[in-house]
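Worksheet: one structure, shown below.
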């Protein structure tokens with residue numbers, strides 16, 4: 004008999020899953036196999052792509068700038084997310100029942116910490132880009148020490164949010180507050196996690212919207228004094244494309260999962276969140292792959308570095324070409340904006 008107010012630290016995983024009404028399979032079902040196969044594929048791709056990004060940033064001196072330190076931290080967070088999801092794939096399905104309570108919290112904590120670090124770094128990148136554009140700089144002159152402190156702050160926040168459930172924000176002593184999707188966690192934790200991610204998204208929208216309107220005003224102002232050149236329209240369209248890709252990727256990958264987390268956190272009994280939770284978590288994990296494409300692979304110099312790393316035989320030739328390379332006004336889908344004022348360059352800023 005379950006008594007409210009009593010703690011159940013010695014119970015099994017099955018006890019909490021039964022309490023929340025979440026099925027705990029004893030054998031591999033077809034949908035379990037599909038989820039694990041997709042999860043392993045995504046995890047491997049996430050690991051490979053983000054390792055490549057980290058290697059590129061470390062090997063190319065041109066990337067030793069604050070924005071690239073943040074991109075490297077994003078790749079590290081996404082790499083961690085790949086490891087965490089890989090760990091989940093090897094401890095899911097019928098294996099879940101064999102986990103201890105501590106093992107379950109480790110599995111959940113790895114995911115929460117890595118995904119929180121990834122989302123927080125996305126916001127930090129947006130803020131750094133805003134600082135650079137408003138300061139009319141190609142790269143932010145933010146001191147390296149402050150960048151390090153910012154990165155440390157991201158990981159402290161992520162670790163704090165990831166470790167809280169195991170130490171206090173669980174439902175082992177309040178079974179009526181248990182989540183359905185994560186049967187050992189309090190519903191309030193899921194609601195706070197979902198709302199914090201929503202807040203990050205809204206802040207990113209505000210930051211990139213401000214950047215866009217600022218750049219558009221500068222382009223329009225220059226168009227009044229200079230004969231209208233297709234480059235101005237091209238610059239604005241490229242900026243719109245970049246912003247849409249950044250925010251669109253976040254929405255597509257994160258919104259479904261945040262919605263079901265929030266519904267579960269608010270205790271929606273009629274919402275069938277368990278039917279889609281695994282697929283929406285996989286979609287959120289896929290964002291760690293998308294980040295590498297949106298924030299790194301779309302940069303021309305980054306692509307050159309990737310080719311140099313992947314093709315050792317072409318190393319000398321690629322190095323020679325890189326030495327001759329001069330930054331253009333537009334690279335890939337990254338937006339470099341050259342707005343002269345009084346005959347002097349005003350801005351060359353990459354989103």
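In our numbering, the protein residues as written are 4 to 354.
C-beta: ideal position from N, C-alpha, C; glycine also.
N- and C-terminal bounds of the alpha helix (DSSP H) containing residue i
i	result
residue 270	Per DSSP, residue 270 belongs to no alpha helix (DSSP H) and is neither H nor E.
residue 69	69-92
residue 33	33-62
residue 20	16-23
residue 293	280-295
residue 311	303-313
Spatial distance of residue i from residue j (CA atoms)
i	j	result
residue 151	residue 206	22 Å
residue 47	residue 93	13 Å
residue 389	residue 106	With the chain represented from 4 up to 354, any question about residue 389 goes unanswered, as that position is not in the structure.
residue 305	residue 57	11 Å
residue 161	residue 198	15 Å
residue 114	residue 167	13 Å
residue 88	residue 134	34 Å
residue 153	residue 200	18 Å
residue 310	residue 224	39 Å
residue 245	residue 80	22 Å
residue 21	residue 44	31 Å
residue 314	residue 50	19 Å
Beta-carbon contacts of residue i that lie in its chain and below 8 Å, excluding the five residues immediately before and after
i	result
residue 1	Only positions 4 to 354 of the chain appear in this structure, which leaves residue 1 out of reach.
residue 203	122, 123, 125 and 126
residue 182	23, 174, 188, 189, 190, 192, 193, 267 and 268
residue 102	16, 94 and 110
residue 252	290, 293, 294 and 297
residue 91	42, 110, 113 and 114
residue 172	188, 189, 191 and 192
Helix, strand or coil at residue i [DSSP, three-state]
i	result
residue 173	strand
residue 102	coil
residue 187	coil
residue 181	strand
residue 13	coil
residue 115	helix
residue 264	helix
Residue i beta carbon near the ligand GTP (any heavy atom closer than 6 Å)
i	result
residue 52	This structure does not include the ligand GTP; it has no bound ligands of any sort.
Cutoff 6 Å; reference residue i; Cβ partners in own chain excluding five residues on either side
i	result
residue 14	none
residue 72	150
residue 78	53, 56 and 57
7 Å CB neighbourhood of residue i in its chain, flanking five on each side removed
i	result
residue 118	84 and 287
residue 260	283, 284, 286 and 287
Does the segment 289-307 come close enough to the segment 206-221 to have 3 or more Cβ pairs within less than 8 Å?
-> With the cut-off at 8 Å, the segment 289-307 and the segment 206-221 do not touch.
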